[in-house]
Amino acid sequence: KALLVFCLSAAVICCCVLLAACSSQDGFERTAQRLFSALENRDYDTIYSLMTPSSEAVISREKLGEYYDKVYDMLQVGSIEVQTTERVEQDRDCVFNYKLILHSEQYGTLEYDSTVTVRCLLEFYRIDWTPSNVVPGMDYYDTIHKVTLKGIRGEIFDCNGAVLVKNSYAATVYFNLNKTEDFSASA
Numbered sequence: 523k524a525l526l527v528f529c530l531s532a533a534v535i536c537c538c539v540l541l542a543a544c545s546s547q548d549g550f551e552r553t554a555q556r557l558f559s560a561l562e563n564r565d566y567d568t569i570y571s572l573m574t575p576s577s578e579a580v581i582s583r584e585k586l587g588e589y590y591d592k593v594y595d596m597l598q599v600g601s602i603e604v605q606t607t608e609r610v611e612q613d614r615d616c617v618f619n620y621k622l623i624l625h626s627e628q629y630g631t632l633e634y635d636s637t638v639t640v641r642c643l644l645e646f647y648r649i650d651w652t653p654s655n656v657v658p659g660m661d662y663y664d665t666i667h668k669v670t671l672k673g674i675r676g677e678i679f680d681c682n683g684a685v686l687v688k689n690s691y692a693a694t695v696y697f698n699l700n701k702t703e704d705f706s707a708s709a
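Counting from 523, one number per residue, gives the positions in the sequence shown under our numbering.
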C-alpha cells in the first residue's frame, strides 16, 4: 500500500513538473526568436543547439553548417531576414509560420514562406529541424544546382517587315516585378 502511494505521488509530481516546464508560452517564443536570429546571423552552432535529438540524429553540426553554406553560397546570399507571420499552438508544440527573405547579390530578393515547429521536451524547448528550414520545399538528400540557360531573343521588324534585330543568345533574361509600374501591361 505504501509503495502504491509512493508511485502515485511520484507520478503526480512528474506530471506537475512536465506541465509546469512547458506551461510558459514564452519558451516557445524565445526559442523561435533565437532560431530566427541565428538564421539571420548564420550562427549554425546556435541552430544546432536548438534542435531536437531526433533532428540531431539526422545531421551533424558540421554537416548542418556545410548544408546552409552550400545552398546560400550558391545563391550568393548576402544577408538573411526572418519575419514571423503566424504562431499556432498545438498541445506541447508551437508552429511558427515565417517569411524567409534571402538577399542575393545575383538573384535579388528571394522570399519564401516557411514553417518551424518548436517542441517542449521535458523542460527544454527545441526545434524540429528539416532541410526546408534552409530553403522551403527542400527535403533530405535534395540538391540545388545552378544552371544558366541562354535565352534566344526574338526578331524585331520595322513597319515594312525588314529585320531590325536578329535572333541571338542572351546571357541573362529576367523580369523584375519591383521595377515594373504596370504589371498587367507588361504581361
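No residue lacks a Cβ here, since even glycine has one placed at the ideal position from N, Cα and C.
As the structure is a computational prediction, the values presented were derived from the model and not from experiment.
Beta carbon of residue i nearer than 8 Å to that of residue j
i, j, result
"residue 582", "residue 600", "no"
"residue 550", "residue 620", "no"
"residue 593", "residue 649", "no"
"residue 634", "residue 658", "yes"
"residue 602", "residue 561", "yes"
"residue 614", "residue 642", "yes"
"residue 590", "residue 564", "yes"
"residue 644", "residue 624", "no"
Limits of the beta strand (DSSP E) - the one that residue i falls within
i, result
"residue 615", "615 to 626"
"residue 631", "630 to 643"
"residue 602", "599 to 612"
Where residue i falls, given that 16 or more other Cβ within 10 Å makes a residue buried
i, result
"residue 681", "exposed"
"residue 618", "buried"
"residue 678", "exposed"
"residue 655", "buried"
"residue 571", "exposed"
"residue 670", "exposed"
Rounded separation between residue i and residue j - CA only
i, j, result
"residue 558", "residue 683", "57 Å"
"residue 636", "residue 676", "38 Å"
"residue 640", "residue 604", "16 Å"
"residue 606", "residue 672", "37 Å"
"residue 545", "residue 611", "Note that residue 545 scores 48 on pLDDT, short of 50, meaning its location in the model is unreliable and no value can be drawn from it."
"residue 668", "residue 630", "15 Å"
"residue 616", "residue 663", "26 Å"
"residue 579", "residue 651", "11 Å"
Sheet register partners of residue i (DSSP bridge)
i, result
"residue 647", "642"
"residue 687", "678"
Residue span of the alpha helix (DSSP H) that contains residue i, given as start and end
i, result
"residue 576", "575 to 578"
"residue 568", "566 to 571"
"residue 669", "It is not in any alpha helix (DSSP H) - residue 669 carries neither H nor E in the DSSP assignment."
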